[in-house]
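Going by the working numbering, the first residue of the first sequence is number 122, and it counts up by one from there.
In what follows, a single structure is set out as structure tokens and then discussed.
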Amino acid sequence: MNYWLAKTEPDEFSIYDFANLPTTALRWDGVRNYQARNYLADMQLADRVLVYHSSCKQIGVAGIVEVTKTAYPDPTQFDPASVYYDPKSTKTTPRWQAVDMRFVEVFNEVLPLKSLKTLPELNDCPLVKPGSRLSVIPLSSRMFDAIIASASRR
DNA sequence: GCCAACGTTGGC
DNA sequence: GCCAACGTTGGC
122 MNYWLAKTEP DEFSIYDFAN LPTTALRWDG VRNYQARNYL ADMQLADRVL
172 VYHSSCKQIG VAGIVEVTKT AYPDPTQFDP ASVYYDPKST KTTPRWQAVD
222 MRFVEVFNEV LPLKSLKTLP ELNDCPLVKP GSRLSVIPLS SRMFDAIIAS
272 ASRR
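Right, here's the structure in full:
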């Protein structure tokens, strides 16, 4: 099993959307960065993904979801009405990928970025580097475990 | 709202 | 291939 962290703006999409539909797989779409897209494509069934809330009141890790369907062409890239529409993408050579994920757990409290920065296990993680804009980040099991342990201590 | 850091675009 | 200009991200 692999571990990941994926950023989202909770005003748009959040761990609570998953928690409200705990048995339903939801599509993680709208990724429009090549490196993040490549990581999305690397996700395997049942991989664990930490959901990170950015650009909001409570910035940090909010919960866990799991991959239920591996990468497939992100339909929003073909939809002119979507904010994620990409006119340069074609059905034969789609640029962008989506994966489906399902709820696993919501933390009692969001584990704040400030706390993440204190975890020595995350020293080399782009998440805590200023200016990092990578929205899908691979985590080692050590990083993942450190975050879970820190969240459960709160 | 500000602004630094970053990724992408496009002219050359 | 270079790099300036631009638009976006994201913490504060």
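Each residue gets a CB set at the ideal place from its N, CA and C atoms; glycine is no exception.
Quick caveat: nothing in here was measured; it's all calculated off a predicted structure.
Check for me: the beta strand (DSSP E) holding Lys-235 runs from which residue to which? Reading the first sequence from its first residue, position 114 is the one you call residue 235. No beta strand (DSSP E) contains Lys-235, which is instead part of the alpha helix (DSSP H) from 234-237.
Any idea what DSSP makes of Arg-154, helix, strand or coil? Residue numbering aside, residue 154 sits at position 33 when the first sequence is read from its first letter. Note that residue 154 is Asn in the sequence shown, not Arg. Three-state result, Asn-154: coil.
Please state whether DSSP places Leu-248 in a helix, a strand or coil. To locate residue 248, count along the first sequence from 1; it is residue 127. Helix, per DSSP.
I think Asp-150 touches Asp-195, with their Cβ atoms under 8 Å apart; what is that distance to the nearest whole Å? The residue labelled residue 150 in the question sits at position 29 within the first sequence. The residue labelled residue 195 in the question sits at position 74 within the first sequence. 5 Å between Cβ atoms; contact.
Starting from Arg-169, trace the beta strand (DSSP E) in both directions and tell me its first and last residue. Here residue 169 is taken as the residue at index 48 of the first sequence, counted from 1. For Arg-169, the enclosing beta strand (DSSP E) has its first and last residue at 169-174.
Would you be able to state if there are at least three C-beta pairs under 8 Å between the stretch 198-214 and the stretch 141-155? The answer is yes - the stretch 198-214 touches the stretch 141-155, with three or more Cβ pairs under 8 Å.
Let me know the secondary structure DSSP gives Phe-139 once reduced to three states. Here residue 139 refers to the residue found at position 18 when the first sequence is read from its first residue. DSSP, reduced to helix, strand and coil, places Phe-139 within a helical segment of the structure shown.
In angstroms with no decimal places, state the Cα-to-Cα distance between Val-172 and Leu-243. The residue you call residue 172 lines up with position 51 of the first sequence. The residue you call residue 243 lines up with position 122 of the first sequence. The straight-line gap from Cα to Cα measures roughly 16 Å.
For Ala-270, tell me which candidate among Asp-163, Val-182, Ser-175, Phe-134 has the shortest Cα-Cα distance. Within the first sequence, numbered from 1, the residue matching residue 270 stands at position 149. Closest option to Ala-270, Cα to Cα, is Val-182.
In whole angstroms, what is the alpha-carbon distance linking Leu-166 and Asn-141? As a first step, residue 166 must be located in the first sequence, where it is residue number 45. As a first step, residue 141 must be located in the first sequence, where it is residue number 20. For Leu-166 and Asn-141, the distance between alpha carbons rounds to 22 Å.
Within the same chain, show all residues whose beta-carbon is closer than 7 Å to that of Ser-176, passing over the 5 residues directly before and after it, in chain order. In the first sequence, the residue the question calls residue 176 occupies position 55. So the qualifying residues of the chain are Glu-130.
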